[in-house]
Structures are given as C-alpha cells and as structure tokens.
Amino acid sequence: MSENQNLLAEQRRALILDEVRRRGGVRVNELTRKLGVSDMTVRRDLDALARQGVLEKVHGGAVPVVEASTHEPGFEAKSGLEPTAKEDIARAAAQLVAPGSAIALSGGTTTYALAHRLVDVPELTVVTNSVRVADVFHAAQRTSGPRQGAATVVLTGGVRTPSDSLVGPVADQAIATLHFDMLFLGVHGISVEAGLSTPNLAEAETNRRLVQSARRVVVVADHTKWGVIGLSSFASLDRVDTLVTDAGLPPEARAEVSEYLRLVVAGESEQDAPD
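The sequence shown begins at 1 in full-length UniProt numbering and counts up one residue at a time.
What follows is the structure, given as structure tokens:
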C-alpha cells in the first residue's frame, strides 16, 4: 500500500507483527506488496523481530513464536517491544495521578515508562516492587538534588525476577501492611477468560497483594497483551477499574473490555464502561 511507504521502521515492524499474529504467518512477498517496500527491507525487519523473540523466521516468511505459559522474558527483551505504544500509555496514565497521592507501581516496562512521567508530580508517595522504577525516581533526585515536594519512594524487598521485580514472602508482607490510592499494574497477559495473568507464580501472589491493597487498580498494557494467558491468574477483570492501552487494541477487544471496566485509549477520546 503506497501510503505505508514512508512508515518508520518501528511502525512497519508493528504492522508486520500484527499481521503475523492475526494470520498465523506471512510470506516476504506478501509483505513487500502490502507495505510498499523492498524485499531487503522486509527481511531486515523480520531479522529485527526475530532477534526480539516475537516471531520466528521460516523459509520465505515468518510465523508467530508459540511461547509456553511459563515463559518470562527479561526486562531488556521486553523493553524493545512496542516502545511507542508504551510511551503513549505512560503519557495517558500520568494524567490520572494527583499530586500528594499514595500510588503503587508494579514491575514492568510500561510502568517503567510511566515512572519517568511522574518524577515531577509533587508530594507523591510511591511504593514499588520494581528495582527499575525505584531507580528512575532516585536518579531524578540525584540529578536535581534535594527539592521540596520530591517523591518518597518505598522499595519492597524480595527475590528478583527476570523482569527485575521483587517478589516472594518479604515483598508480600511489606505490601500487605500498606494502602494505596491507586495501583498502576503492568501485566504479562489480559483476557476475559483468565483476567490478569503472569508466567511467574511468585509474582502472581505479589501482584495479588498489590491489588488487594489498592483503592483503585489501573492496568497499563499495550494491545499485544490482549488474549495472552500466563501460567497463573491473579485478578479478574471486574477487580480492575481502568485499562490504559494504545490504539492498536482491535474494536472487538474494546467492546469486550468495556463491559467490565473503564477503557482509556491513549491518543483517542476516552471510552467508559457502562454503569
């Protein structure tokens, strides 16, 4: 399609990945026609997506990677996935945070993006089980020096996961004694059937405690998380107040989600679930 000729590489690769997942596989010659780019460009895109572990190259094209429900990518691997969508989601989610509130941020690359948007919100108390999220606030304070209204950051203890979250009994006990105005929760997967899920059993329990300690639960998840089911569910959709996602979430998924919770699509007008 000629209108796609000038797409940035990141946008083009997102389209390729969506096509692979939707159809169960694509051929190089189909992609060159659809995207209006050269055979070499498509092959470079497939190489990049294969290195990220989100698809598998086969002769003449590519197929989706079929992951086990226990597979948990590391933080760096996940950071390369849907970066623009995560930034859009972070920008929209940050608008929900009031100065002076007590919030919790779970582990994950989307909550990490959100943390960068919150460093200048005054008088926040931030509880997190993410080493990466805590580092964002500490780095901002080291750079700017002591200042009035800087966030108070509480990092739970625990055992570190591949995604740099702290989980297990130490984290669970710390979280159980706290109460948050709002929890921003990154997820491995979200679906009507399984709710919110993760491949890590210990992380599931820690996330369960986070949800129990929050007055409001906001899930921040890009559209690729929809329909993904990890090994362990830790909350049903009716326990979630708001889902902040990106414009890639298809219409049928939007309709399903809106039956359970408030839907905020970054960059679009807000859609609220019926009362």
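Glycine included, C-beta positions come from ideal geometry on N, C-alpha and C.
**Report entry** For G61, the residue or residues it bridges with in DSSP
**Finding:** As a first step, residue 61 is located in the sequence shown; it is residue number 61 there, counting from the start. Beta-bridge pairing links G61 to R27 and V58.
**Report entry** Backbone CA spacing between R51 and R147 [nearest angstrom]
**Finding:** For the purposes of this step, residue 51 is taken as the residue at position 51 of the sequence shown. For the purposes of this step, residue 147 is taken as the residue at position 147 of the sequence shown. Using only the alpha carbons, I get a separation of about 42 angstroms.
Requested in this report: State the Cα-Cα distance for the pair S191 and V65, rounded to the nearest angstrom.
Outcome: Translated into positions along the sequence shown, residue 191 becomes position 191. Translated into positions along the sequence shown, residue 65 becomes position 65. The alpha-carbon atoms of S191 and V65 are separated by roughly 19 angstroms.
Query raised in the report: In this structure, does DSSP put R147 in helix, strand or coil?
Result: The residue given as residue 147 occupies position 147 in the sequence shown. Residue state, collapsed to three classes: coil.
**Report entry** Pairwise C-alpha distance: V217 and A176
**Finding:** What you label residue 176 is simply residue 176 of the sequence shown in a count that begins at 1. What you label residue 217 is simply residue 217 of the sequence shown in a count that begins at 1. One C-alpha to the other measures close to 16 angstroms.
Query raised in the report: Which residues share a DSSP beta bridge with T245?
Result: As a working mapping, residue 245 is identified with position 245 in the sequence shown. Beta-bridge pairing links T245 to V265.
Query raised in the report: Any idea what DSSP makes of L35, helix, strand or coil?
Result: The sequence position of residue 35 within the sequence shown is 35, counting from 1. Three-state result, L35: helix.
Query raised in the report: Taking all protein chains shown into account, do 16 or more other C-beta atoms lie within 10 angstroms of the C-beta of V182, making it buried, or fewer, making it exposed?
Result: Mapped onto the sequence shown, residue 182 falls at position 182. Reading off the sequence, residue 182 comes out as Met, not Val. Looking at its Cβ environment, which holds 16 or more other Cβ atoms inside 10 Å, M182 is buried.
Query raised in the report: Going by alpha carbons, who is nearest to D241 out of A253, W226 and L263?
Result: On the sequence shown, residue 241 is found 241 positions in, with the first residue counted as 1. Among A253, W226 and L263, the Cα nearest to that of D241 belongs to L263.
Query raised in the report: Helix, strand or coil: how does DSSP classify T128 here?
Result: Against the sequence shown, residue 128 aligns to sequence position 128. Reduced to three states, the DSSP call for T128 is strand.
**Report entry** Coil, strand or helix - D181 by DSSP
**Finding:** Stepping through the sequence shown from its first residue, residue 181 is reached at position 181. DSSP places D181 in strand when its eight states are reduced to three.
Query raised in the report: Can you give the beta carbon distance from A85 to D238, rounded, assuming they're within the 8 angstroms contact cut?
Result: Against the sequence shown, residue 85 aligns to sequence position 85. Against the sequence shown, residue 238 aligns to sequence position 238. Not a contact, Cβ separation roughly 25 angstroms.
Report task. Return the first residue and the last residue of the alpha helix (DSSP H) that residue 293 is part of. Result -> Because the chain here runs from 1 to 275, residue 293 falls outside it and cannot be looked at.
Query raised in the report: Quick one, which of L185, Q11, E82 and G195 has its alpha-carbon nearest Y260's?
Result: Locating residue 260 in the sequence shown gives position 260, where the first residue counts as 1. Each of L185, Q11, E82 and G195 was checked against the Cα of Y260, and the nearest Cα belongs to G195.
Query raised in the report: Touching or not, the region 20–31 and the region 39–57, by the rule of three or more beta carbon pairs under 8 angstroms?
Result: Yes, the region 20–31 is in contact with the region 39–57.
Query raised in the report: For A253, which residues from the same chain have a beta carbon less than 8 angstroms from its beta carbon, with the 5 sequence-adjacent residues on both sides left out?
Result: Along the sequence shown, read from residue 1 onward, the residue named residue 253 stands at position 253. The residues are H223, W226 and G227.
Report task. Tell me where the beta strand (DSSP E) around T224 begins and ends. Result -> As a working mapping, residue 224 is identified with position 224 in the sequence shown. Segment: none, T224 is in no beta strand (DSSP E) and carries neither H nor E.
Report task. Starting from the N-terminal side, write out each stretch of the alpha helix (DSSP H) that is 4 residues or longer and does not extend beyond the region 159–210. Result -> Counting whole runs of 4 or more residues, the region 159–210 contains the alpha helix (DSSP H) stretches 169–176.
Query raised in the report: So what's L155 in DSSP terms, helix, strand or just coil?
Result: In the sequence shown, counting from the first residue as 1, residue 155 sits at position 155. In the displayed model, L155 falls within a strand according to three-state DSSP.
Query raised in the report: Which stretch, first to last residue, makes up the beta strand (DSSP E) that contains L105?
Result: Against the sequence shown, residue 105 aligns to sequence position 105. Start and end: A102 to L105.
**Report entry** Enclosing beta strand (DSSP E) for Q235 [first to last residue]
**Finding:** Counted from its first residue, the sequence shown places residue 235 at position 235. As written in the sequence, residue 235 is Ala, which differs from the Gln given in the question. That run of the beta strand (DSSP E) goes S232 to A235.
**Report entry** Residue range of the unbroken alpha helix (DSSP H) whose run includes L114
**Finding:** For the purposes of this step, residue 114 is taken as residue 114 along the sequence shown, with counting starting at 1. Per DSSP, L114 belongs to the alpha helix (DSSP H) from T109 to L118.
Query raised in the report: Would you call the CB atoms of V214 and V187 closer than 7 angstroms?
Result: One-based indexing of the sequence shown puts residue 214 at position 214. One-based indexing of the sequence shown puts residue 187 at position 187. As written in the sequence, residue 214 is Ala, which differs from the Val given in the question. Note that the C-beta distance between A214 and V187 is not below 7 angstroms.
**Report entry** Given L178 as reference, the closest of A62, V265, A92 and A104 once Cα atoms are compared
**Finding:** If you number the sequence shown from 1, residue 178 lands on position 178. The shortest C-alpha separation from L178 is found at A104.
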